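> Quick one: the structure is below, and I'll ask about it shortly.
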Amino acid sequence: MGTSTLEEVKKGDRQYLKQLYEKYRKEFGQWAAKHYGVDDDTTAEIYQKTFIAFYYNIKEGKLTQMNSSEKTYLFAIGKNLLREYFRASEKVAEPLELHVNLEDVDCTIFEKYELEDKQKAVRQMLSTIGEPCRTVLEMFYFHDHNLKTIAAAMNYKTEQIAAKRKFICLKQLRSLVSETLN
Amino acid sequence: MAREDNIEIQIQQYLDGNLSGPELSAFEQLMQNDHNLAAEVKSLRQMEHNLRGLGYQELKSEVSQWESDYKTRSKKSQRHTYLAIAASLAIFALVGYFAFDTSVDTNDLYAIYYSPYPDMIISRGEVTGSEQQLTFGMQAYNDKNYVAASTLIEGYLAQGGSNKSAYLYLAISQLETGSFDKAEGNFKIAAEDPNFVQQSDWYRALLYLKQDRLELARTTLKEIAGNDNHYKHKDAESLLNRFK
Chain Z
1 MGTSTLEEVK KGDRQYLKQL YEKYRKEFGQ WAAKHYGVDD DTTAEIYQKT
51 FIAFYYNIKE GKLTQMNSSE KTYLFAIGKN LLREYFRASE KVAEPLELHV
101 NLEDVDCTIF EKYELEDKQK AVRQMLSTIG EPCRTVLEMF YFHDHNLKTI
151 AAAMNYKTEQ IAAKRKFICL KQLRSLVSET LN
Chain G
1001 MAREDNIEIQ IQQYLDGNLS GPELSAFEQL MQNDHNLAAE VKSLRQMEHN
1051 LRGLGYQELK SEVSQWESDY KTRSKKSQRH TYLAIAASLA IFALVGYFAF
1101 DTSVDTNDLY AIYYSPYPDM IISRGEVTGS EQQLTFGMQA YNDKNYVAAS
1151 TLIEGYLAQG GSNKSAYLYL AISQLETGSF DKAEGNFKIA AEDPNFVQQS
1201 DWYRALLYLK QDRLELARTT LKEIAGNDNH YKHKDAESLL NRFK
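The listed protein sequences correspond, in order, to chains Z and G.
Mapping to our numbering: the first sequence position 170 is 170, numbers consecutive.
Take any residue in the second sequence, count from 1 to its spot, add 1000: that is its number in our numbering.
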């Protein structure tokens, strides 16, 4: 996988991600059906999880460079998740060799970010916090845009101003959530 | 105030991962000594985690939408493929209909209207000689072994068998085995007997239909349809109505 792909994925551009999602969707379905005999619904579920894990592995810097193609990496995650699926359902799946070190792949993202009650309050308050906080926080925490990009998008003169604004907004959101929960 | 501002900046930098080396160590030491500061950082970290969690939820829902879009498009594409195939088949069928109209139609009609004439020969006890051949021939006919039936009934007639109905069953057997010319001749002979003329005419009409000799088939069927006493006049009428 080239640096450009890593950079593009990291930018979090939804249009690009959607294209990437669709690029391997069909092939993944055929591969999963052939090697693991899973049905369409299971394939869809596993592929979605695979893609999310793929994205987060890049976004969170667990993958900074790869010698394999994006496809190989994506399918390696899929293989891990399929194994997990079969372990959970006590079925036996035929193993398939993929030339990717599976230790590189982190599939714990799902437990990490599962919805908690507090998150629901955060979501609620994020919708009431107003601008520019909402956009700044979403750009930084949802889409992983860096401060330089945020500064440019929000017309802040420097990254430092963007960083300060983000920090103020974070604290403001915390206050709103505390008020709601208490 | 300046110290507070400085702490705020440090918290911000720490959260963004912008502290390193001695600055980072100093800040971590500060947190160890100041529980309020540690609690503040922890609380903000938790808020960041929650925001990232929401980002994850949002992506999850978007990916789910992408999957749904993919499925919709796949179904549409599949439907388009089916439609394209169906359209091609329809065009092919239409072309085929006009190009091979009569052969398709006549074969279908033949299959609808044809059934072998039932065995009406009454056995008169134990038979010998040529009569036995006719009996065996009719057994083969009833068993739909028309090749054997043809041979045996021909043998019976060759030996001077006098039962005129044998020509009818022979002709039908020959119709079944594709010996159309022989069949036609034998239908005509059978038709010389008033008891079998109607059956012979009907099967001859079907023979013409099968052979695509449509004018002959139409003429014969019209004669049958025009005879209210003909046992097949209604079938002939109906067949003529469906005739191209």
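We treat Cβ as the ideally placed atom computed from N, Cα and C, and that holds for glycine.
Quick caveat: nothing in here was measured; it's all calculated off a predicted structure.
Taking only three categories from DSSP, how would you classify residue 1099/G?
Position 99 of the second sequence, counting from 1, holds the residue named residue 1099/G. For residue 1099/G, the predicted model reports a pLDDT of 49, less than 50, meaning its position is unreliable; a value from the coordinates is still stated below. In the structure shown, residue 1099/G sits in a helix (DSSP, three-state: H, G or I).
> Could you tell me whether any Cβ in chain Z is nearer than 8 Å to the Cβ of residue 1055/G?
Taking the second sequence and counting its residues from 1, one reaches residue 1055/G at position 55. Taking Cβ atoms only, chain Z reaches closer than 8 Å to residue 1055/G, which makes this a yes.
> Identify whether residue 118/Z lies in helix, strand or coil by the three-state DSSP scheme.
Working through the first sequence from its first residue, we reach residue 118/Z at position 118. Helix, per DSSP.
> Taking the Cβ atom as the reference point for each residue, do residue 141/Z and residue 1055/G lie within a distance shorter than 8 Å?
What you label residue 141/Z is simply residue 141 of the first sequence in a count that begins at 1. What you label residue 1055/G is simply residue 55 of the second sequence in a count that begins at 1. At a Cβ-Cβ threshold of 8 Å, residue 141/Z and residue 1055/G count as neighbours.
> So with CB distances below 9 Å, who are the chain Z contacts of residue 1016/G?
Here residue 1016/G refers to the residue found at position 16 when the second sequence is read from its first residue. In chain order: 147, 163, 166, 167.
> With DSSP collapsed to three states, give me the class of residue 1039/G.
If you number the second sequence from 1, residue 1039/G lands on position 39. Helix at residue 1039/G.
> Rounded to whole angstroms, what is the Cα-Cα separation between residue 1236/G and residue 1158/G?
Within the second sequence, residue 1236/G is the residue found at index 236, counting from 1. Within the second sequence, residue 1158/G is the residue found at index 158, counting from 1. Cα to Cα, residue 1236/G sits roughly 33 Å from residue 1158/G.
> Kindly indicate which three-state DSSP category residue 177/Z falls into: helix, strand or coil?
Against the first sequence, residue 177/Z aligns to sequence position 177. Helix.
> For residue 1070/G and residue 25/Z, which I take to be in contact (beta-carbon distance under 8 Å), what is that distance rounded to the nearest angstrom?
In the second sequence, the residue the question calls residue 1070/G occupies position 70. In the first sequence, the residue the question calls residue 25/Z occupies position 25. Here residue 1070/G really is in contact with residue 25/Z; their C-beta atoms are around 5 Å apart, less than 8 Å.
> Tell me which same chain residues have a C-beta within less than 6 Å of the C-beta of residue 139/Z, skipping the five on either side of it?
Indexing the first sequence from 1 puts residue 139/Z at position 139. Only 145, 150 meet the Cβ criterion.
> What residue from 1150/G, 1180/G, 1129/G, 1115/G has the CA that sits closest to residue 1169/G's CA?
Within the second sequence, residue 1169/G is the residue found at index 169, counting from 1. Looking at the Cα atoms, 1150/G is the closest of the given residues.
> With distances taken Cα to Cα, identify the nearest neighbour of residue 1208/G among 1239/G, 1121/G, 1077/G, 1005/G.
In the second sequence, counting from the first residue as 1, residue 1208/G sits at position 208. Comparing Cα positions, the closest option is 1239/G.
> Give me, in chain order, the residues of the same chain whose beta-carbon lies closer than 7 Å to that of residue 1227/G; leave out the 5 immediate sequence neighbours on both sides.
What you label residue 1227/G is simply residue 227 of the second sequence in a count that begins at 1. Closer than 7 Å at Cβ, skipping near neighbours: 1233.
> Measuring CA to CA, which of 1222/G, 1230/G, 1229/G, 1231/G is closest to residue 1242/G?
To locate residue 1242/G, count along the second sequence from 1; it is residue 242. Taking only the C-alpha atoms, the option nearest residue 1242/G is 1222/G.
> Determine the contact status of residue 1206/G and residue 1114/G, defining contact as a CB-CB distance below 8 Å.
Translated into the one-based positions of the second sequence, residue 1206/G becomes position 206. Translated into the one-based positions of the second sequence, residue 1114/G becomes position 114. Cβ distance < 8 Å, so residue 1206/G and residue 1114/G count as in contact.
> Nearest by alpha-carbon distance to residue 73/Z: which of 35/Z, 136/Z, 55/Z is it?
The residue given as residue 73/Z occupies position 73 in the first sequence. Of the candidates 35/Z, 136/Z, 55/Z, the one whose C-alpha sits nearest the C-alpha of residue 73/Z is 55/Z.
> Considering Cα atoms alone, identify which of 1153/G, 1089/G, 1146/G is closest to residue 1135/G.
Along the second sequence, read from residue 1 onward, the residue named residue 1135/G stands at position 135. For the residues 1153/G, 1089/G, 1146/G, the minimum Cα distance to residue 1135/G belongs to 1153/G.
> Give a yes or no on whether the C-beta atoms belonging to residue 1044/G and residue 1011/G are separated by under 8 Å.
Against the second sequence, residue 1044/G aligns to sequence position 44. Against the second sequence, residue 1011/G aligns to sequence position 11. Yes, the pair counts as a contact, with Cβ atoms nearer than the cut-off.
> So what does DSSP say about residue 138/Z, is it helix, strand or coil?
In the first sequence, counting from the first residue as 1, residue 138/Z sits at position 138. Looking at residue 138/Z - three-state DSSP - the assignment turns out to be helix.
> Check whether the Cβ of residue 1218/G lies closer than 8 Å to any Cβ atom in chain Z.
Here residue 1218/G refers to the residue found at position 218 of the second sequence. No, because no Cβ of chain Z sits closer than 8 Å to the Cβ of residue 1218/G.
> From what residue to what residue does the alpha helix (DSSP H) around residue 35/Z run?
Numbered from 1 along the first sequence, position 35 holds the residue referred to as residue 35/Z. Run containing residue 35/Z: 14–36, per the alpha helix (DSSP H) assignment.
> Counting only the same chain and skipping the five closest in sequence on each side, list residues whose C-beta sits under 6 Å from that of residue 159/Z.
To locate residue 159/Z, count along the first sequence from 1; it is residue 159. Excluding positions up to five away in sequence, the list reads 147, 148, 151.
> Is any beta-carbon of chain Z found at less than 8 Å from that of residue 1031/G?
Along the second sequence, one-based indexing puts residue 1031/G at 31. Not an interface residue.
> How is residue 1128/G classed by DSSP in three states: helix, strand or coil?
As a position in the second sequence, residue 1128/G is number 128, starting the count at 1. Looking at residue 1128/G - three-state DSSP - the assignment turns out to be coil, as it is neither helix nor strand.
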